Amino acid sequence: MLKFSDRVLSMEESATLAMSRKSRELKSQGLDIISLSLGEPDFHTPDFIKEAAVEAMEQNFTTYTPVPGYDDLRQAIVDKFKRDNGLDYEKDQIVVSTGAKQSIANLMMSLVNPGDEVLIPAPYWVSYIEIVKVAGGIPVIIESSIDTDFKVNGAAIKAKITDKTKAIIFSSPCNPTGSVYSEEELKDIAKAFADRKNIVIISDEIYEHINFVGGHTSIGTIKEVYDQTVTINGLSKAWAMTGWRIGYIGAPKAIAAACNKVQGQFTSGANSIAQRASIAALKKDPSYLSEMLGAFKNRRTLVLNALRGMEGVEVNEPEGAFYFFPDVSSFFGKSHDGKVIKDANDLSLYLLEEALVAVVTGDAFGDPNCIRISYATDEATLTKAMNRIETALQKLK
Ligand code: PMP
Ligand code: GLU
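Note that my numbering has the sequence shown beginning at 66, numbered continuously upward.
Quick look at the structure:
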């Protein structure tokens, strides 16, 4: 019998993608499933971006691309980093990839040797852990809780640093908690690395534009850590371009060169047409996104009020991204119709079967007391989903 590699056998399937597959299957069987499982904007890619893609095809941008991305796309990214983040990069510090997910994979393949440790504050995005493991690394989790708005501080990070620590990776705004680190908090985190120049800080800023508090700070702007920081971003979330698969990094030159080498062997340069379209998006003033942000803000208020009104649900107020990460542990040990809810896995399956609403277990994000709810869908659907969830939770005794 075929024996698969230990690498793939020890890898978990992406819980976000698994839940969205499950809800698609149930929908195709005719069930009226509301999917709040996937972090994907329900908006369409703006027309001016689609037009740039059509133009690219007409101009025959259909061949292999330079591995780190078209020169003018990398220039547009340099300009974007300066305009939006106050970050100074040169073109050879930029590598464009097939989604930010590939940027993360390139980085871990470039940096991590078997046995190296990578710090990951929890709750974390599902794929960080698995990508670190595939690279042979050991994920070292830094716990947080709803009481600190799911954030960690410099002291907690410092306590986990060892001689084997190679990198830290975190997102702000955070998937799954929506927490946003302030400049002060990032300075405190940066201090933990001031005398550890060999540790790479990987800052995933893909939700940068979906921020309700206003200011987004990139940790790379703190000059003591600029030369050990990699800034990750991408087009998927802000520009509703999840299917186009474009992400990118700004990094110290040597790290960018290593990612370029890895990518050259694994996938080559990212899709030519999507790259041309991304230039149009990145050149646009981000104020273009204010309508989308307004819609997310209203949805956030709607879901926050609904969750706060549900007995047994504890929730923080997310400042960015488009997720809620409520603590539902008060339902553990309760049951309905003989179904006992032991943990968040059981609760998310119960909500799928009883409320026909798909959410993702917090287990996959490093907090087994929580579930993740994506609110990237319209208000009428969200209202219906919240009512269904409340009714199902009330049945648990
Ligand atoms: N980082 C975070 C925190 C995410 O939520 C996602 C979700 N897609 C990604 C990276 C990867 O994005 P993509 O590959 O679509 O650019
Ligand atoms: N990042 C999104 C999420 O967390 C998309 C799914 C994925 O890429 O895993 O739902």
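Just so you know, even glycine gets a beta-carbon here, dropped at the ideal spot from N, CA and C.
Only a predicted model underlies this, so the values are computations on that prediction, with no experimental measurement involved.
Buried versus exposed call for residue i [16 or more other C-beta atoms within 10 Å across all chains shown]
i                 : result
asparagine 263    : exposed
glycine 285       : buried
methionine 122    : exposed
asparagine 363    : exposed
phenylalanine 69  : exposed
phenylalanine 113 : exposed
lysine 216        : buried
threonine 456     : exposed
glycine 151       : exposed
lysine 147        : exposed
asparagine 370    : exposed
arginine 373      : exposed
glutamine 340     : buried
glutamate 155     : exposed
lysine 171        : Going by the sequence as given, residue 171 is asparagine instead of lysine. Asparagine 171 is buried by the Cβ-count criterion.
valine 290        : buried
valine 463        : For the chain, the structure presents residues 66 to 462; residue 463 sits outside this window and is missing.
glycine 427       : buried
serine 88         : buried
proline 179       : exposed
methionine 451    : buried
threonine 213     : exposed
glycine 329       : exposed
methionine 66     : exposed
glutamine 158     : buried
serine 85         : buried
lysine 223        : exposed
glycine 202       : buried
asparagine 125    : exposed
valine 161        : buried
Range covered by the beta strand (DSSP E) that runs through residue i
i             : result
glycine 243   : Glycine 243 -> no beta strand (DSSP E), and no H or E assigned at all.
tyrosine 440  : Premise fails: tyrosine 440 is in no beta strand (DSSP E) and is neither H nor E.
threonine 294 : 294-299
Alpha helix (DSSP H) segment containing residue i, residue limits
i                 : result
phenylalanine 277 : That residue, phenylalanine 277, is in no alpha helix (DSSP H); it is neither H nor E in DSSP.
alanine 117       : 112-123
arginine 455      : One point to set straight first is that residue 455 is glutamate, not arginine, in the sequence displayed. Where glutamate 455 is concerned, the enclosing alpha helix (DSSP H) stretches over 444-459.
serine 337        : 337-348
tyrosine 313      : Looking at the DSSP string, tyrosine 313 is not in any alpha helix (DSSP H); the run it does join, the beta strand (DSSP E), is 312-315.
asparagine 410    : 409-415
threonine 28      : No information on residue 28 is available, as it lies outside the stretch 66 to 462 that the chain covers here.
Coil, strand or helix - residue i by DSSP
i              : result
asparagine 473 : The displayed coordinates of the chain run from 66 to 462. Any statement about residue 473 would go beyond what the structure contains.
tyrosine 353   : helix
threonine 426  : strand
valine 73      : helix
isoleucine 271 : coil
valine 132     : coil
aspartate 392  : strand
serine 333     : coil
asparagine 381 : coil
threonine 307  : helix
isoleucine 284 : helix
lysine 462     : coil
valine 290     : coil
lysine 166     : helix
isoleucine 264 : coil
isoleucine 254 : helix
isoleucine 99  : strand
isoleucine 406 : coil
Task: Inter-stretch contact (C-beta, 8 Å, three-pair minimum) for the segment 123-140 and the segment 333-353 - done: With contact defined as three or more Cβ pairs closer than 8 Å, the segment 123-140 and the segment 333-353 are in contact.
Open item on the list: I want to know whether the segment 222-234 touches the segment 359-375 - three or more CB-CB distances under 8 Å.
Closed with: By the C-beta criterion, the segment 222-234 is judged not to be in contact with the segment 359-375, since fewer than 3 inter-stretch pairs fall below 8 Å.
Task: Minimum length 4: unbroken alpha helix (DSSP H) runs contained in the segment 169-242 - done: With a minimum length of 4 residues, the continuous alpha helix (DSSP H) runs that stay inside the segment 169-242 are 191-199 and 219-223.
Open item on the list: I'd like to know if the segment 437-444 and the segment 352-359 are in contact, where contact means that at least 3 CB-CB pairs between them fall below 8 Å.
Closed with: The way I'd put it, the segment 437-444 doesn't touch the segment 352-359; fewer than three beta-carbon pairs between them come closer than 8 Å.
TODO: Check whether the segment 258-272 touches the segment 69-78, counting contact only when three or more Cβ pairs, one atom from each stretch, lie closer than 8 Å.
DONE: Touching, no.
TODO: Would you check if there are 3 or more beta carbon pairs closer than 8 Å linking the segment 396-404 to the segment 380-387?
DONE: The segment 380-387 and the segment 396-404 do not touch, with fewer than three beta-carbon pairs separated by less than 8 Å.
Open item on the list: Would the segment 161-176 count as touching the segment 300-315 if we require 3 or more Cβ pairs under 8 Å?
Closed with: Judged by Cβ distances under 8 Å, the segment 161-176 makes contact with the segment 300-315, as three or more pairs qualify.
TODO: Specify whether the segment 179-193 and the segment 427-434 touch according to this definition: at least 3 beta carbon pairs, one from each stretch, less than 8 Å apart.
DONE: In short, these stretches touch, since the Cβ pair count reaches three.
Open item on the list: Any contact between the segment 75-95 and the segment 187-207? By contact I mean 3 or more CB pairs, one from each, below 8 Å.
Closed with: In short, these stretches touch, since the Cβ pair count reaches three.
- [ ] Could you tell me whether the segment 207-221 touches the segment 248-264, using the rule of 3 or more Cβ pairs below 8 Å?
- [x] The segment 207-221, when compared against the segment 248-264, does touch it at the 8 Å Cβ threshold.
Open item on the list: Tell me whether the segment 384-395 and the segment 236-243 touch, counting them as touching only if at least three CB pairs, one residue from each stretch, are closer than 8 Å.
Closed with: Yes, the segment 384-395 touches the segment 236-243.
Open item on the list: Three Cβ pairs or more, each shorter than 8 Å: is that satisfied between the segment 291-306 and the segment 198-214?
Closed with: Touching, no.
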